[in-house]
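Enquirer: In the numbering used here, the protein residues as written are 1 to 294. Yeah, the Cβ is synthetic: ideal placement off N, Cα and C, and Gly gets one too. There's a structure below that I have some questions on.
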């Protein structure tokens, strides 16, 4: 069964921790490579790389935006906590400076309380082990939701690509059936034209055969059709691989387009040219869809 996935998805995960709730949202869009960016409270920065590793392990390709929020709980736990050792350090430092400068040594308590680190907020008081566990739980839940959405969209992409591939194959088969007839039609048209120009003079069949052979050689698309059939098989096989195949599909689309363009440039037949135009239009739609595949 195919594991084709889209690069577009959204997921949300939540987990309650002591003192608050961790909420993680993940949004993914198309990107040539895998790029993970994380926005989170400063107090959780130490866990950023671990979050990236967990996300990257499941989402291989796409621009992936991760947003982490920590909602503080109400009640007694939200009361700021005093770090008395830090306050005493500030106080002693201010006293020493005042003594050196012969300045008044009275230090207002409000001034000490306003210094960095004296009063710890809720996040600083959270149990780090608990927060780490809950954060990873929320990230995993969000990742699972994204994977689920990308898989559903991937199934839709798979069905669409397979349907368009079948249509293209039908038109290519028509080109293959039509190709041998091109030289014969050319021979008939050339003979009629020469008969009109020669007006009763005997026609050199050997020269006519030579001209038709030259045209047949210039218009021969056998190699292009063989390579195209090979690309089709590789494309079909890639759709069923249990790994990200977006880049491989994109490469195969380029190769298929190259063969179709060559067939179009060699064609000296209105019927084949019409089919080539139809194929190129359909393959352009396939290429746009492939840009969404992980």
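#1: Closer than 8 Å by C-beta to residue 10: which residues in its own chain qualify, once you throw out the five before and the five after it? Chain order, please.
#2: Three Cβ pairs or more, each shorter than 8 Å: is that satisfied between the segment 169-176 and the segment 85-96?
#3: What first and last residue would you give for the alpha helix (DSSP H) that runs through residue 264?
#4: Once the 5 residues before and after residue 239 are set aside, which same chain residues still bring their CB inside 8 Å of it?
#5: Who pairs with residue 28 in a beta bridge, going by DSSP?
#6: Note down the Cα distance separating residue 280 from residue 225, rounded to an integer number of angstroms.
#7: From residue 153 to residue 61, what does the alpha carbon distance come to, in whole angstroms?
#8: Report, in whole angstroms, the separation of the C-beta atoms of residue 12 and residue 36, which I expect to be a contact under 8 Å.
#9: With DSSP run on the structure shown, which of helix, strand or coil describes residue 115?
#10: Please report how far the alpha carbon of residue 43 lies from the alpha carbon of residue 113, in whole angstroms.
#11: For residue 259, collect the residues of the same chain with a Cβ closer than 6 Å to its Cβ; drop the 5 residues on either side in sequence, then sort them by chain order.
#12: Hey, could you find the ends of the beta strand (DSSP E) residue 39 is sitting in?
#13: Considering Cα atoms alone, identify which of 101, 133, 91, 102 is closest to residue 109.
#14: What would DSSP say about residue 293, mapped onto helix, strand or coil?
#15: Helix, strand or coil for residue 21, going by three-state DSSP, please let me know.
#16: Assuming residue 59 contacts residue 143 (C-beta within less than 8 Å), just tell me the rounded distance between them.
#17: Residues in the same chain with beta-carbon distance under 7 Å from residue 292, minus the five sequence neighbours each way, listed in chain order, please.
#18: Residue 232 and residue 169 look like a contact to me (Cβ under 8 Å); what is the Cβ gap, rounded to whole Å?
#19: Given this structure, state the Cα-to-Cα distance separating residue 287 from residue 253, to the nearest angstrom.
Expert: Reading it off the structure:
#1: 25, 26, 27, 28, 145, 146, 149
#2: no
#3: 246-266
#4: 2, 4, 158, 161, 162, 245, 249
#5: 9, 64
#6: 15 Å
#7: 15 Å
#8: Not a contact, Cβ separation roughly 17 Å.
#9: coil
#10: 20 Å
#11: 224, 227, 228
#12: 34-39
#13: 91
#14: strand
#15: strand
#16: 7 Å
#17: 6, 7, 8, 30, 157
#18: 6 Å
#19: 6 Å
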